[in-house]
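In what follows, a structure is listed as structure tokens, so that the remarks can point back to it.
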Amino acid sequence: MNIDRTVFAFAGTLVVLSLALSQLHSSTWLLLTAFVGLNMLQAAFTGFCPLALVLKRLGRPTGVAFP
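Per numbering that gives the first Met the number 0, the sequence shown runs over residues 0 to 66.
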């Protein structure tokens, strides 16, 4: 799995997890959903994603969105 797919899978997992936690515990967990969404939005315009940098250093194969 390349960096692009890993980033999308991680973001999707965090969104689903935070939505579940907001229903089970506290609506404050929705702040995590907002953070992930804002990070994805800024990455779409700037191409900068902290997780992509970490994955690149760990040796993951590059993709198209985050070379």
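Glycine included, C-beta positions come from ideal geometry on N, C-alpha and C. The structure presented is a predicted model; accordingly, all values stated were derived computationally and were not measured.
Query, Result
"Check whether the stretch 13-30 and the stretch 52-61 are in contact - that is, three or more C-beta pairs closer than 8 Å.", "no"
"If I measure Cβ to Cβ from V63 and keep anything under 7 Å in the same chain, skipping five residues before and after, which residues do I get?", "D3"
"Which value, in whole angstroms, describes the spacing of the CA atoms of T61 and S25?", "37 Å"
"Kindly list the residues whose CB is nearer than 7 Å to the CB of A51, restricted to its own chain and excluding five residues on each side of it in sequence; keep chain order.", "I2, V6 and F65"
"Roughly how many angstroms lie between the CA atoms of L23 and M0, to the nearest whole one?", "32 Å"
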